[in-house]
Amino acid sequence: MSNNTLILGLQWGDEGKGKIVDVLAENSEIVCRFQGGHNAGHTLKVDGQQKVLHLIPSGILHPSVQCVLGNGLVLSLPALEKEITELEQSGINFNDRFYVSGDCALILPTHIAIDQVRDKSEGIGTTGRGIGPAYEDKVARRAIRFGDLQNMTLLQPRLEKLIAYHNKILVHLYAAEPIPLEDVLKELERHQHLVQKFHCITQDLLRGWVKENKKIIFEGAQGSMLDIDHGTYPYVTSSSTTAGGLSTGLGVGPKHIDSILGITKAYTTRVGEGPFATELFDENAAQLAKIGHEVGATTGRPRRCGWLDLKALETIVFINSVTSLCLTKLDVLDGFQEIKVCIDYDDQGAPIYKT
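Per the working numbering, residue 722 is the first one in the sequence shown, and the count goes up by one each step.
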């Protein structure tokens, strides 16, 4: 493996990135995440017990590996604390090997409330965990960031203004109940110790590691076809899930990426709403879902299933400058008499298959 490897999903997520990162982390020194939030999910085994990691990089399971959450993430403090606690109870040590950028925008209770009432109204098919509204505030330059919790006195006036704005949206746009400012303050204060323990200027840390020629894995979350710019808009996530998101989400320039490994299933799945050209609605879909255990690790929702779309894959490989491919779940297709792949689309956009 090259020194610095970016690992990306090339579909709509759930390609098996976590398992691949877990394997490659054995020969690495650092694993970093650069976008998304706890809307991603990696299912792994720790001492025979199944664990689902939503925020923390898979490399945390390897005692010698350092782990970083970069500035491109949006952070749920309760979710982070829960994940750390569960892993510590399994014997995982976080001391001096887990770092969180002070520039991560925080997901507040009001973000979650807005996300849920909005999705109920508009039907995008989000996870309802506040990811989109948190990114909205980041882009609008009003976000509360992880490092802001170092000074609650300075933070409070900004927080009051932000929660008042959120409650106007909840009450006047969606006729929903407002979230008391006191509840938000209590949540932030309850998790303030995380800042004291894990806060870091991760850009400086990474620059030092790159200069020292450390072996680094950059771990993408979700999949490239959910990218805010290059995905199936508007049925996308709110972050840059393609290779470009690495540089903005960690502060590491493109020339420091030695190889880009793209992960794709031997078929295609999708959770939630949105176009899906090769989606199946027959017994083949049921068979793929059953054999492949196609249930979302984060949402628990059944995944939609279809044939592999090589035309879409070709586009995504180009966008990401993928240097190598990893094909997962090929064994799921063992029992099929006929296997199809999409090689193009006709004038109406319908898939053209090759068997």
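Ideal Cβ positions, reconstructed from N, Cα and C, are used throughout, including at glycine.
- Under the DSSP assignment, VAL773 falls outside any alpha helix (DSSP H), being part of the beta strand (DSSP E) whose first and last residues are 770 to 774.
- If you ignore the 5 residues before and after ALA800, its C-beta comes within less than 7 Å of the C-beta of HIS759, HIS775, LEU776, all in its own chain and listed in chain order.
- For ASP925, there is no enclosing beta strand (DSSP E); the enclosing alpha helix (DSSP H) has its first and last residue at 923 to 932.
- Taken through DSSP and simplified to helix, strand or coil, ILE900 comes out as coil.
- Under the DSSP definition of a beta bridge, SER785 lacks any partner.
- Between the alpha carbons of ILE1073 and LYS1061 lies a gap of roughly 10 Å.
- Here ASP1055 carries a coil assignment [DSSP, helix/strand/coil].
- Every unbroken stretch of the alpha helix (DSSP H) spanning 4 or more residues and falling wholly within the stretch 1005 to 1053 is given here in chain order: 1031 to 1041.
- Taking the CA atoms as reference points, GLU1035 sits about 12 Å from MET946.
- Within a 10 Å sphere around the beta-carbon of ASN748 sit fewer than 16 other beta-carbons, which makes this residue exposed.
- Apart from the 5 residues on each side of it in sequence, GLY944 sits with its Cβ closer than 7 Å to the Cβ of GLY730, LEU731, GLN732, TRP733, GLY734, GLU736, THR962 in its chain, given in chain order.
- Looking at the backbone, the Cα of VAL742 and that of PRO784 are separated by about 15 Å.
- Here DSSP, grouped into helix, strand and coil, assigns PRO996 to coil.
- Between ILE884 and LEU902, the beta carbon gap of about 5 Å places them in contact (Cβ cut-off 8 Å).
- In the same chain as THR1044, and ignoring 5 residues on each side of it, the C-beta atoms closer than 7 Å to its own belong to SER980, ILE981, in chain order.
- In the structure shown, PHE939 adopts extended strand secondary structure according to DSSP, grouped into three states.
- Exclusion of the five residues before and after GLN787 leaves ILE751, ARG818 as the residues of its chain whose Cβ lies within less than 6 Å of its Cβ.
- Residue pairing for LEU909: DSSP places it in no beta bridge.
- Counting only runs that start and end inside the stretch 960 to 985, the alpha helix (DSSP H) elements of at least 4 residues fall at 965 to 971.
- Here the C-alpha atom of LYS932 lies approximately 15 Å from the C-alpha atom of PRO975.
- Closest option to LEU971, judged by alpha-carbon separation, among TYR954, GLU940, VAL1038: GLU940.
- Contact between the stretch 864 to 880 and the stretch 891 to 898 is absent: fewer than 3 CB-CB pairs across the two stretches fall below 8 Å.
- Around the Cβ of ASN814, a 10 Å sphere holds fewer than 16 other Cβ atoms; the residue is exposed.
- For GLU1000, the closest alpha carbon among the candidates GLN1008, THR989, GLU843 is that of THR989.
- By the neighbour-count definition (other C-beta atoms within 10 Å, threshold 16), HIS887 is a buried residue.
- Excluding residues up to 5 positions away in sequence, GLY851 lie with their Cβ nearer than 6 Å to the Cβ of ILE833 in the same chain.
- Taking C-beta atoms as the reference points, GLY929 and ASP948 fail to come closer than 9 Å.
- One thing to note: SER822 has its Cβ within 9 Å of the Cβ of GLN924.
- Within the same chain, GLY974, PRO975 come within 7 Å of SER968 by CB-CB distance, once the 5 residues on both sides are set aside.
- Our two residues, LYS766 and ILE805, have alpha carbons roughly 16 Å apart in a direct line.
- Looking from the CA of SER811, the closest CA among PHE1002, ARG866, GLY769, THR831 belongs to GLY769.
- By the criterion of a C-beta distance shorter than 6 Å, ILE937 is surrounded in its chain by ASN725, ILE751, once the five residues flanking it on both sides are discounted.
- Under DSSP, PRO1072 takes part in a beta bridge, and its partners are TYR1066.
- Taking C-beta atoms as the reference points, ARG1025 and ALA1006 count as a pair closer than 9 Å.
- Each of LEU891, GLU857, LEU808, ASP858 was checked against the Cα of ARG839, and the nearest Cα belongs to LEU891.
- As computed with DSSP, VAL795 is found in a beta bridge with ALA826.
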